[in-house]
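First comes the structure, then the notes that go with it.
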Amino acid sequence: MARKRRIPEVPLPTNEPKEKVQYKDAFQSTVTKKVEEVGKTFEGKGRTILYAVAAVAVVLVLVGIFFMWSRSSDAKAQAALGKAIETSQAVVSDSPMPAGSTIKTFKTEKERAEASVAEFQAVADKFGGAVGEKAKYFVAVNKLSLDRAAATAELEGLASKSNEVGTLSKFALAQVKAGDGKNDEAIALYQQLAATDNTVIAKDTINFELAKLLEKQGKKDEAVNLYFNIAKTASEAKDLDGKPVPMSTTARDAKAKVEELAPDKAKEIQEPKPESPLGGGNLPLGIQ
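When you line the sequence shown up against our numbering, it's residues 997 to 1284, in that order.
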């Protein structure tokens, strides 16, 4: 049984580890963190899990978008979409909740997905507009575990849009294609995303996924260049005060890949050292 995910913005318990993220605005940081967390958790566990990644990762990502967009949406539509999101994040367990608990639960992932699809579809049918479009996106990603072919077709339709939902749909579609072993199609989608200016998914996340597929295809030099650019740029990043920014999980992983594939080139990447709390840019004597 797949592990369950909890979203900080939704008032449900969570046991997900907190990860440092690259210096971004608040919106991009939230989205990027969720994509990286889910990708890390499921990597290397087979095709079935890859399909789950496509469903779960994008659900997690869009939760952040929902809250960022909520101010410009109708209150009733917001409430309906929020309720459906909570259903999609509900606990899956065979054990009954403690007496008095109001937490929604499902016995299986399938039951939860079916309930989520129904709720999101109702939102899309009732409200339309921007909220309806988000709901259709949620319908598609929750349907991946129920009817992958139909869900993929829905994502393809949404991916043609030039807005945030379109960007996320294209990213989800790339994950599905990669899970199906259609690496050329996945690479093309990631390359399209990397070539656009979007504030939804960090370029490092997109390029890291692209590099992994190029590496699988034996295109080592192209993969190394992408890994290197991610890590090198992050190692030299500064905040608004000119201080080094800690490398994100993605950047550190990219650095590790360069060390594995091109050790000599990896020597050009110097991870920023933490500054001393006493000032002066160095750690106190005796601390390495």
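Glycine included, C-beta positions come from ideal geometry on N, C-alpha and C.
Pairwise C-alpha distance: residue j and residue i
{"i": "residue 1025", "j": "residue 1234", "result": "Its pLDDT being 47, under 50, residue 1025 is placed unreliably in this model, and the coordinates cannot settle the point."}
{"i": "residue 1250", "j": "residue 1123", "result": "42 Å"}
{"i": "residue 1170", "j": "residue 1154", "result": "13 Å"}
{"i": "residue 1226", "j": "residue 1262", "result": "12 Å"}
{"i": "residue 1266", "j": "residue 1224", "result": "11 Å"}
{"i": "residue 1162", "j": "residue 1156", "result": "6 Å"}
{"i": "residue 1113", "j": "residue 1143", "result": "11 Å"}
{"i": "residue 1096", "j": "residue 1072", "result": "28 Å"}
{"i": "residue 1125", "j": "residue 1146", "result": "22 Å"}
Alpha helix (DSSP H) segment containing residue i, residue limits
{"i": "residue 1166", "result": "1160-1175"}
{"i": "residue 1076", "result": "1071-1084"}
{"i": "residue 1285", "result": "What is shown of the chain runs 997 to 1284, which leaves residue 1285 out entirely."}
{"i": "residue 1187", "result": "1179-1190"}
{"i": "residue 1151", "result": "1144-1155"}
{"i": "residue 1257", "result": "1245-1257"}
{"i": "residue 1269", "result": "No alpha helix (DSSP H) contains residue 1269, which DSSP labels as neither H nor E."}
{"i": "residue 1137", "result": "1125-1139"}
{"i": "residue 1229", "result": "1216-1231"}
Residues near residue i in its chain [Cβ-Cβ closer than 8 Å; skip 5 each side]
{"i": "residue 1209", "result": "1174, 1179, 1182, 1183, 1186"}
{"i": "residue 1079", "result": "1115"}
Exposure label - residue i; buried when at least 16 CB within 10 Å
{"i": "residue 1213", "result": "exposed"}
{"i": "residue 952", "result": "Residue 952 is absent from the model: the chain starts at 997 and stops at 1284."}
{"i": "residue 1159", "result": "exposed"}
{"i": "residue 1099", "result": "exposed"}
{"i": "residue 1091", "result": "exposed"}
{"i": "residue 1252", "result": "exposed"}
{"i": "residue 1139", "result": "buried"}
Short Cβ contact (8 Å threshold) for residue i with residue j
{"i": "residue 1246", "j": "residue 1200", "result": "yes"}
{"i": "residue 1131", "j": "residue 1120", "result": "yes"}
{"i": "residue 1111", "j": "residue 1083", "result": "yes"}
{"i": "residue 1108", "j": "residue 1136", "result": "no"}
{"i": "residue 1222", "j": "residue 1207", "result": "yes"}
{"i": "residue 1205", "j": "residue 1228", "result": "no"}
{"i": "residue 1164", "j": "residue 1127", "result": "no"}
{"i": "residue 1268", "j": "residue 1244", "result": "no"}
{"i": "residue 1216", "j": "residue 1257", "result": "yes"}
Close beta carbons around residue i, own chain, < 6 Å, minus the five adjacent residues each side
{"i": "residue 1134", "result": "1116"}
{"i": "residue 1151", "result": "1136, 1165, 1168, 1169"}
{"i": "residue 1070", "result": "none"}
7 Å Cβ shell around residue i - same chain, five flanking residues per side excluded
{"i": "residue 1089", "result": "1101"}
{"i": "residue 1211", "result": "1219"}
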